[in-house]
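Chains as they are written, first to last, in this note's numbering: chain A, 2 to 347; chain B, 42 to 324.
Okay, structure first, notes after.
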Amino acid sequence: MEVRVVNVRKEFERFPALHDVSLDIKSGELIALLGPSGSGKTTLLRLIAGLERPTKGAIFFGDEDASQKSIQERNVGFVFQHYALFRHMTVADNIGFGLKVRHGAARPRAQEIRRRALELLDLVQLSGLEKRYPAQLSGGQRQRVALARAMAIEPKVLLLDEPFGALDAQVRRELRRWLREIHDRTGHTTVFVTHDQEEALELADRVVVMSQGRIEQVGTADDIYDTPNSPFVYSFIGESSSLPVKVENGEVWIADRPIGLEAPHAPPGEAVLYFRPHDVDLLDGCSGCIAGTVAASRRVAGTRRVELEIGGERQRVEIELPIDHPAAQKSRVAFRPRRWKLFPAA
Amino acid sequence: MTTAPAHAGWRFRQPSVIPGFGLTLGFSLAYLTLIILIPLSGLIWRSAALGWTDFWALATDRRTLKALEISFGTAFIAAAVNVVFGTLVAWVLVRYRFPGRRVVDAMVDLPFALPTAVAGIALTTLYAPTGWLGKLLMPLGLKVAYTPLGIIVALVFIGLPFVVRTVQPIMEELDKEVEEAAATLGASRFQIITRVLFPGLAPAVITGFSLAFARGVGEYGSVIFIAGNLPYKSEIAPLLIVIRLEEYNYPAATAIAAIMLALSFAMLLLINLVQTWSRKRYG
Chain A
2 MEVRVVNVRK EFERFPALHD VSLDIKSGEL IALLGPSGSG KTTLLRLIAG
52 LERPTKGAIF FGDEDASQKS IQERNVGFVF QHYALFRHMT VADNIGFGLK
102 VRHGAARPRA QEIRRRALEL LDLVQLSGLE KRYPAQLSGG QRQRVALARA
152 MAIEPKVLLL DEPFGALDAQ VRRELRRWLR EIHDRTGHTT VFVTHDQEEA
202 LELADRVVVM SQGRIEQVGT ADDIYDTPNS PFVYSFIGES SSLPVKVENG
252 EVWIADRPIG LEAPHAPPGE AVLYFRPHDV DLLDGCSGCI AGTVAASRRV
302 AGTRRVELEI GGERQRVEIE LPIDHPAAQK SRVAFRPRRW KLFPAA
Chain B
42 MTTAPAHAGW RFRQPSVIPG FGLTLGFSLA YLTLIILIPL SGLIWRSAAL
92 GWTDFWALAT DRRTLKALEI SFGTAFIAAA VNVVFGTLVA WVLVRYRFPG
142 RRVVDAMVDL PFALPTAVAG IALTTLYAPT GWLGKLLMPL GLKVAYTPLG
192 IIVALVFIGL PFVVRTVQPI MEELDKEVEE AAATLGASRF QIITRVLFPG
242 LAPAVITGFS LAFARGVGEY GSVIFIAGNL PYKSEIAPLL IVIRLEEYNY
292 PAATAIAAIM LALSFAMLLL INLVQTWSRK RYG
């Protein structure tokens, strides 16, 4: 089912949590809402589910205006960070709950509900545990049950709120791969919230980066990483360094020297240069480059990170050096970013 | 404390890292013996001195049986009423924010603190045929004071905090997300309450019920004022014991006491079993 969020605004006691957010989710897509805490990603998810009502705007499921419907009528599958399983019910009863509470002809027969629960249990690879109670399961198993329970009602959309947030790193990675498989097999339109960029970039077809109640950028992992469209996205996704610069005559300047980067379309004046620490060319001499003295250096896995102090202002930036690079304390290093972007000074 | 050999049929559960298991267990047992077991065994000892036939005659005396029936019956009904309304009160206190909530919360404990005789006198004044409420109920044919109904009213008053205070903390722990999960799965408000919330509260509700019930069976002070104490009609077993004592009929008093003890113990044991079962399922 295609989901469209149209100009949605949400205020909590006059404090705005979302400003005019619009988002189109294609049918069968796996979308990640990524952002720091307080960015409004969970609020957006809860609005889609109907657990919150928008202050303004509408949410469409297909052509239907879902914002007029109650949670019960929306038919969404929601998975909570802390599972929210019914602890007095067995695993099978948990999964069958959504079918059991239906009325009249919509409710399948008891046998059918049971058959369906076992089938889903098989899908989430927990066959044989149908008689257990949630307290007897591990965290990862509980989250699988929660997912099976959400899928039992044949939801139009599957919504997951930090589904792996409460699990340890090993289980997280495993479940991530597994969720992707389940999605590819069942084809549910799925939206999940995370603050873990690795999770978002690895798992999702498209990532929605959010900050302070707004959507900053929507795109594939490649779009988001390679062409960030705001300083926030640049610094939030992956590693980044930034330097205050000046644009003059279509060239980028630091203090009184051009650094060898051409920017013919940038408006002249103050700006901020962003680049990735690993995406730099090291230079020997310095005619048009960024040069600085090493202020600190640390070993990070297969590379060495050094902090450089640039110019009289002693601006600090980080770049990556090969392990065997002779840069030691106080020595000078010259480099030029290979890929970079200019944003107007804030 | 050394652990028992592995082949032993049953053994102590592995003590915690905090030392002093032997000391604390010994103290607890000595304390329980001194405070509870010795007085109670004295009671059984005294009634055992009666001999079977005498005991049986006293126990099956119609007045005794009637008094026991009234005591346990009214306590049961009062506890059941308290379960319903106590849970409701707890719900309101936990779920809603309204001015004066703290005052209401504090008021729930009043029956704990108030001397029961005061409660009895106050309720009697209210419900007597000439009292404020009694006057209004009289034309409806409802006579509260000096009837078993009056006993129930007094026991409801006394037992309310037991239910509220046992259910309230469990209710506070109820996870909002579980309700939301049920709602997204299509459960109506009513289904959420009956199928999700209430089963989770059941162990606490059963505990509250058994506490209110036990308290009701043993209650004396408030009841004797409102009950009217008519033999065969509104005379409770604890009062009958006092009457026998005042007649210097100690064997009869101890016999009734022993029966009450046995009945109470049996019922509490049963309730405890139900609770263990529900805790195992829902815990």
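Every residue gets a Cβ at the ideal spot worked out from N, C-alpha and C, and that includes glycine.
Margin query: Out of A/His-184, A/Val-307, A/Ala-222, A/Ser-241, which one is the CA nearest neighbour of A/Leu-343?
Written below: A/Ser-241
Check: Is the stretch 141 to 159 of chain A touching the stretch 69 to 84 of chain A, taking contact as three or more C-beta pairs under 8 Å?
Finding: yes
Notebook entry, point to check: Taking Cβ-Cβ distances shorter than 9 Å, what residues in chain B pair up with A/Leu-46?
Noted result: None at all; the shortest Cβ gap to chain B is about 11 Å.
Margin query: 9 Å is my cut-off, CB to CB: does B/Pro-272 come that close to chain A?
Written below: no
Notebook entry, point to check: Residues of chain B with CB under 7 Å from A/Leu-159, in chain order?
Noted result: Those within 7 Å of A/Leu-159 in chain B number zero; the least Cβ separation is about 11 Å.
Note to self: Using beta carbons (cut-off 9 Å, strictly below), is B/Asp-146 in contact with chain A?
What the structure shows: Taking CB atoms only, B/Asp-146 has no neighbour in chain A less than 9 Å away.
Next item on the list: State the Cα-Cα distance for the pair B/Phe-203 and B/Val-219, rounded to the nearest angstrom.
Entry: 27 Å
Next item on the list: Over the uninterrupted alpha helix (DSSP H) stretch that includes B/Pro-240, give me the two end residues.
Entry: 239 to 259
Notebook entry, point to check: chain A beta carbons: is any one of them nearer than 9 Å to that of B/Arg-226?
Noted result: The identity of residue 226 of chain B in the sequence shown is Leu, whereas the question assumes Arg. Output row for B/Leu-226: interface = yes.
Next item on the list: With DSSP collapsed to three states, give me the class of A/Arg-110.
Entry: DSSP places A/Arg-110 outside both helix and strand once states are collapsed to three, so it counts as coil.
Check: From B/Ala-47 to B/Ile-79, what does the alpha carbon distance come to, in whole angstroms?
Finding: Confidence at B/Ala-47 is low in this model, with a pLDDT of 47, below 50, so its placement is unreliable and the value that follows should be read with caution. When rounded, the distance between both Cα atoms is 34 Å.
Notebook entry, point to check: What residue from A/Gln-213, A/Gly-239, A/Gly-188, A/Ser-231 has the CA that sits closest to A/Glu-200's CA?
Noted result: A/Gly-239
Next item on the list: Express the C-alpha separation of B/Glu-213 and B/Arg-138 in angstroms, rounding to a whole number.
Entry: 13 Å
Check: Under three-state DSSP, which class holds A/Asp-66?
Finding: strand
Notebook entry, point to check: Would B/Val-197 pass as a contact of B/Ile-247 if the rule is Cβ separation under 9 Å?
Noted result: no
Margin query: So that I know if they touch, is there some Cβ in chain B lying closer than 9 Å to that of A/Val-102?
Written below: yes
Notebook entry, point to check: Closest Cβ-Cβ distance between B/Asp-150 and chain A: below 9 Å?
Noted result: no
Note to self: Taking the beta carbon of A/Tyr-84 as the centre, do at least 16 other beta carbons fall within 10 Å, making it buried, or is it exposed?
What the structure shows: buried
Next item on the list: Rank A/Ser-40, A/Ala-67, A/Arg-15 by C-alpha distance to the C-alpha of A/Val-7 and give the top, closest one.
Entry: A/Ala-67
Check: How close, in whole Å, do the beta carbons of B/Ala-119 and B/Ala-253 come, if the pair is a contact with beta carbons under 8 Å?
Finding: 7 Å
Notebook entry, point to check: Between the stretch 266 to 277 of chain A and chain B, which residues of the former have CB atoms less than 7 Å from a CB of the latter, in chain order?
Noted result: none
Next item on the list: Closer than 6 Å by C-beta to A/Lys-57: which residues in its own chain qualify, once you throw out the five before and the five after it? Chain order, please.
Entry: Arg-10
Margin query: As an exercise, report each continuous beta strand (DSSP E) stretch of at least 3 residues that is fully enclosed by the stretch 245 to 325 of chain A, in chain order.
Written below: 252 to 255, 258 to 263, 270 to 276, 281 to 284, 291 to 301, 304 to 311, 316 to 322
Notebook entry, point to check: Run through DSSP, which three-state label would B/Lys-321 get?
Noted result: helix
Checklist line | Residue range of the beta strand (DSSP E) that includes A/Gly-78 | finding: Its beta strand (DSSP E) spans residues 77 to 80.
Next item on the list: List the residues of chain A whose Cβ lies closer than 9 Å to the Cβ of B/Gly-327, in chain order.
Entry: Coverage of chain B is limited to positions 42 through 324, which leaves residue 327 of chain B absent and any answer about it impossible.
Next item on the list: Check the Cβ-Cβ distances between B/Gln-232 and every residue of chain A, and say whether any is below 9 Å.
Entry: yes
Item checked: Per-residue contacts from A/Val-172 into chain B (C-beta, under 7 Å) -> Ordered by position in chain B, no residue passes the 7 Å Cβ test against A/Val-172, which lies about 20 Å from the chain.
Item checked: Identity of the residue in A/Pro-269, A/Glu-271, A/Arg-337 nearest A/Gly-293 by Cα -> Measuring from the Cα of A/Gly-293, the nearest candidate turns out to be A/Arg-337.
Checklist line | the stretch 9 to 29 of chain A touching the stretch 40 to 49 of chain A, judged by at least three CB pairs closer than 8 Å | finding: yes
Note to self: Counting only Cβ pairs nearer than 7 Å, list the residues of chain A close to B/Ala-222.
What the structure shows: Phe-79, Phe-81, Ala-85
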